[in-house]
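Student:
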Amino acid sequence: MNIKLCSIDDLKKSNSIKELSVSAGEETLELLMIYSNGNIIIMENSCPHEKIPLYENSVIAEEDNSIECVNHGAKFNLTSGAPLNFVTNRKLKLYKNYIDEYGNIYLTIL
Ligand code: FES
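Counting from 1, one number per residue, gives the positions in the sequence shown under this note's numbering.
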């Protein structure tokens with residue numbers, strides 16, 4: 001299932017970061033979408049450490065392709081979701097996405 005979210009231009013106009021609530025069947029997903037290093041990254045908008053929203057509480061570092069939760073400093077790789085320090089051993093949940101020929105971004109749920 002592909003769910004249309006927004007266009008790449010819309011994402012760039014929002015400082016390349018956007019929070020979204022998306023209905024997917026019977027569940028609502030709270031997502032964070034980022035444009036970083038030319039890639040679209042869609043993740044759960046929740047820190048795996050103590051579940052606080054990442055939208056208001058994180059810093060993206062394009063130079064090392066990471067996102068850091070400012071609450072306790074947990075850092076995650078934006079490509080794999082893997083933790084990069086010892087604050088938590090839980091991975092960040094990432095979602096697949098698809099971009100059509102018009103630049104529209106879709107969430108892909110298998
Ligand atoms: S809640 Fe994010 S690092 Fe602790």
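C-beta atoms are modelled at their ideal positions from N, C-alpha and C, and glycine is treated no differently.
Pull up the distance between the alpha-carbon of I99 and that of Y106, whole angstroms please.
Tutor: Along the sequence shown, read from residue 1 onward, the residue named residue 99 stands at position 99. Along the sequence shown, read from residue 1 onward, the residue named residue 106 stands at position 106. Taking the straight line from one Cα to the other gives about 6 Å.
Student: I'd like the list of long-range same chain contacts for K75, defined as Cβ closer than 6 Å, with 5 residues on each side in sequence excluded.
Tutor: Here residue 75 corresponds to residue number 75 of the sequence shown, with the count starting at 1. Here the set comprises S66, E68, L84, N85.
Student: Quick test of your reading: L94 and M43, contact by CB under 8 Å. State the CB separation rounded to the nearest angstrom.
Tutor: Position 94 of the sequence shown holds residue 94. Position 43 of the sequence shown holds residue 43. Contact holds; Cβ gap of about 5 Å.
Student: List the DSSP bridge partners of S66.
Tutor: Taking the first residue of the sequence shown as position 1, residue 66 is located at position 66. A61, N77.
Student: Pop quiz: N97 and I40 are said to be a contact at Cβ under 8 Å. What is the actual Cβ separation, rounded to whole angstroms?
Tutor: On the sequence shown, position 97 is the one that residue 97 refers to. On the sequence shown, position 40 is the one that residue 40 refers to. Yes, N97 and I40 are in contact; Cβ-Cβ is about 5 Å, under 8 Å.
Student: Relative to the alpha-carbon of H49, which residue among E56, I34, N89 has its alpha-carbon at the smallest distance?
Tutor: As a first step, residue 49 is located in the sequence shown; it is residue number 49 there, counting from the start. Of the candidates E56, I34, N89, the one whose C-alpha sits nearest the C-alpha of H49 is N89.
Student: Put I8 into one of helix, strand or coil per three-state DSSP.
Tutor: For the purposes of this step, residue 8 is taken as residue 8 along the sequence shown, with counting starting at 1. The answer is helix: DSSP assigns I8 an H, G or I state.
Student: Applying the criterion that 16 or more other CB atoms from any shown protein chain within 10 Å of the CB defines a buried residue, is L32 buried or exposed?
Tutor: Counting from 1 along the sequence shown, the entry for residue 32 is found at position 32. With 16 or more other Cβ atoms within 10 Å, it is buried.
Student: Please report the residue range of the beta strand (DSSP E) in which T108 lies.
Tutor: As a working mapping, residue 108 is identified with position 108 in the sequence shown. Start and end: 104-108.
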